[in-house]
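For the protein sequence lines, the chains are A and B, in the order given.
Throughout the first sequence, residue numbering follows my numbering, covering 1393 to 1564 in sequence.
Throughout the second sequence, residue numbering follows my numbering, covering 2 to 190 in sequence.
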Amino acid sequence: MKPVDLARKLRREATFDPAALDRGKAVLMAAVRQEVEPMRRPTIVPQLPYQDIGAALSFLQRAFGFSEISTSRLVDEDGVIHHALVEFGDGVMGIGTQGAHGAISPRSAGIETQYISVYVTDVDAHHQRALAAGARIAHGPHSHSGHRAYEALDLEGHRWRFLQQLREVPIH
Amino acid sequence: MTMSPPSDAEVIGRSLGEPEAFGLIYDRHAATLLRFLGRRAGAKVAEGLVGELFRIAFERRKMFDASRASALPWLYGIGSNLLLKHRRGEARRLRASAQMAAGLEAADRRASARALDARVLFSRVADAIEALPDGEREALLLFAWEELSYQGVAEALELPIGTVRSRLNRARARLRELLNTNGKNRVRS
Chain A
1393 MKPVDLARKL RREATFDPAA LDRGKAVLMA AVRQEVEPMR RPTIVPQLPY
1443 QDIGAALSFL QRAFGFSEIS TSRLVDEDGV IHHALVEFGD GVMGIGTQGA
1493 HGAISPRSAG IETQYISVYV TDVDAHHQRA LAAGARIAHG PHSHSGHRAY
1543 EALDLEGHRW RFLQQLREVP IH
Chain B
2 MTMSPPSDAE VIGRSLGEPE AFGLIYDRHA ATLLRFLGRR AGAKVAEGLV
52 GELFRIAFER RKMFDASRAS ALPWLYGIGS NLLLKHRRGE ARRLRASAQM
102 AAGLEAADRR ASARALDARV LFSRVADAIE ALPDGEREAL LLFAWEELSY
152 QGVAEALELP IGTVRSRLNR ARARLRELLN TNGKNRVRS
């Protein structure tokens, strides 16, 4: 017997789950989409400073239904998150360590200097979800110039105004 | 005149501007690569690695040498690198395969004395493959199990063909020693 034939005798086929190839393709196509998606990013991306990024991410997902963009997370050697992107609809926001680019969290500053408007399809259901997740409601659901809206404060006091458009009016 | 399907190189070239096109590379080669990973590290590891392999290939596609029509050797090379992290599982599978090969040999020959020889021989072959330096083992298994040509092995491992030839010769010499120490006439086919 030739040496290579000897090695060949130990060749043995494995038996696979029929769905294995589909799962593998999903992994590839997720990477493909991630490469395509940055081109679709909005032109303006607000960056919000927080003391605790991990807690902020978890709250924004739980209370407001935002999703973290899984490839966006910047983590240091100690496992501390320094920045991440969250998306909702066609909007994207950065969630970053306070002070990294000058801005600080309202929790440290003791003052809010801005609020962010977010359009949702069912503002009352959104309000219930935020309430259940422990968001502080700064202004309960109300109607205002063609919109129904409410305002919530997140864990560190950033103010969010959620709106549902009832009829065509200029953005507030 | 009929249109021939685009070569892998053409598809990869197109995927630089149109990332989704890379899906066709998966459709063409994923089953082959899954079987390759499975032979080496078993079904479970292979199923976990196949998507990863193509994700890495996708991310490195700019580096693919467009003068090669087929992407298969290049994909094997990425797979070989991934398998380095699964050496323990590979070694376990190889030992199990040696026992099964000895069992088959015994059934073939219906001779218990020979079966015993085969058991000793195949477990030595497994040990010898295991003991080869990584580069030689990889060259041997791509050649013997995957049936890549010398050129294919050279492309997979990104080596000159002369280096592949010398690696394979060293691996062969090592296995030949086993045959000789096991007795020339005992296990023959």
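We put the CB at the ideal spot given by N, CA and C, even for glycine.
Find out if the Cβ-Cβ distance for the pair residue i, residue j is shorter than 8 Å.
i       : j       : result
Q1556/A : T1513/A : yes
L143/B  : V154/B  : yes
A157/B  : A70/B   : no
D1405/A : G43/B   : Here the sequence assigns Glu to residue 1405/A, which means Asp is not the residue at that position. For E1405/A and G43/B, no; Cβs fall outside 8 Å.
A1423/A : E60/B   : yes
L85/B   : A1399/A : no
L17/B   : K63/B   : yes
G1416/A : A31/B   : yes
Which whole-angstrom value is the C-beta distance of residue i and residue j, which I expect to be below 8 Å?
i       : j       : result
Q1439/A : T1463/A : The Cβ separation is near 18 Å, so there is no contact.
G90/B   : V46/B   : 6 Å
A92/B   : E131/B  : 5 Å
F1451/A : F1480/A : That pair is no contact at about 14 Å.
R1540/A : L1558/A : 6 Å
A1448/A : D1546/A : 7 Å
P1498/A : E1548/A : 6 Å
H1518/A : F1554/A : 5 Å
H1474/A : G1486/A : That belief does not hold up - the Cβ atoms of H1474/A and G1486/A are roughly 11 Å apart, past 8 Å.
V1396/A : A174/B  : Not confirmed; about 12 Å, so no contact.
When you compare only the Cα positions, how much space is there between residue i and residue j?
i       : j       : result
F1408/A : A22/B   : 26 Å
G1483/A : I1529/A : 22 Å
F123/B  : Q100/B  : 7 Å
D1468/A : I1445/A : 13 Å
G1526/A : M1421/A : 36 Å
T1489/A : P161/B  : 50 Å
A1544/A : I1503/A : 15 Å
E53/B   : H1534/A : 49 Å
S68/B   : W75/B   : 12 Å
M4/B    : V1478/A : 46 Å
I1496/A : G1538/A : 34 Å
A172/B  : R1403/A : 16 Å
L95/B   : F37/B   : 14 Å
A1492/A : R1465/A : 15 Å
A119/B  : V1419/A : 42 Å
L197/B  : G78/B   : For residue 197/B there is no data in the structure shown, the boundaries of chain B being 2 and 190.
K1394/A : A58/B   : 35 Å
R189/B  : D1470/A : Low per-residue confidence applies at R189/B: pLDDT is 43, beneath 50, and the placement is therefore not dependable, though the value from the model is reported in the following sentence. C-alpha separation (whole angstroms): 59 Å.
L180/B  : V165/B  : 23 Å
S167/B  : A107/B  : 34 Å
G184/B  : T33/B   : Bear in mind that the predicted position of G184/B carries a pLDDT of just 49, short of 50, making it unreliable; the figure below should be weighed with that in mind. The alpha-carbon atoms of G184/B and T33/B are separated by roughly 37 Å.
Whose C-alpha, out of the options, is nearest the C-alpha of residue i?
i       : options                               : result
G163/B  : R173/B, Q152/B and A172/B             : Q152/B
K1401/A : P7/B, L84/B, L141/B and N181/B        : L141/B
F55/B   : G80/B, S150/B, R40/B and R93/B        : G80/B
Y1507/A : G1526/A, R1551/A and P1498/A          : R1551/A
E196/B  : F1451/A, V1428/A and A1447/A          : The structure shown does not extend to residue 196/B, since chain B is modelled only from 2 to 190, so the question has no answer here.
I13/B   : L73/B, L176/B, E48/B and V51/B        : L73/B
E159/B  : R29/B, A145/B and E139/B              : E139/B
R88/B   : E106/B, L35/B, D135/B and R15/B       : D135/B
F65/B   : S150/B, E178/B and S8/B               : S8/B
R29/B   : L50/B, P6/B and L17/B                 : P6/B
S1509/A : P1441/A, V1472/A and F1456/A          : F1456/A
L35/B   : S98/B, N181/B, E147/B and N170/B      : E147/B
A1411/A : V51/B, R41/B and L25/B                : V51/B
A97/B   : A58/B, R41/B, I57/B and V165/B        : R41/B
T1505/A : P1434/A, R1521/A, P1441/A and T1435/A : P1441/A
Q1443/A : G1494/A, R1521/A and Y1542/A          : G1494/A
* What residue ranges within the stretch 130-189 of chain B form continuous beta strand (DSSP E) runs of no fewer than 3 residues, ordered along the chain? -> none
* Start-end ranges of the beta strand (DSSP E) lying completely within the stretch 1464-1530 of chain A, minimum 3 residues -> 1473-1480, 1483-1489 and 1507-1511
* To do: Any chance you could list the alpha helix (DSSP H) runs of at least 4 consecutive residues sitting entirely within the stretch 30-106 of chain B, in chain order?
  => Runs found: 44-60 and 73-84.
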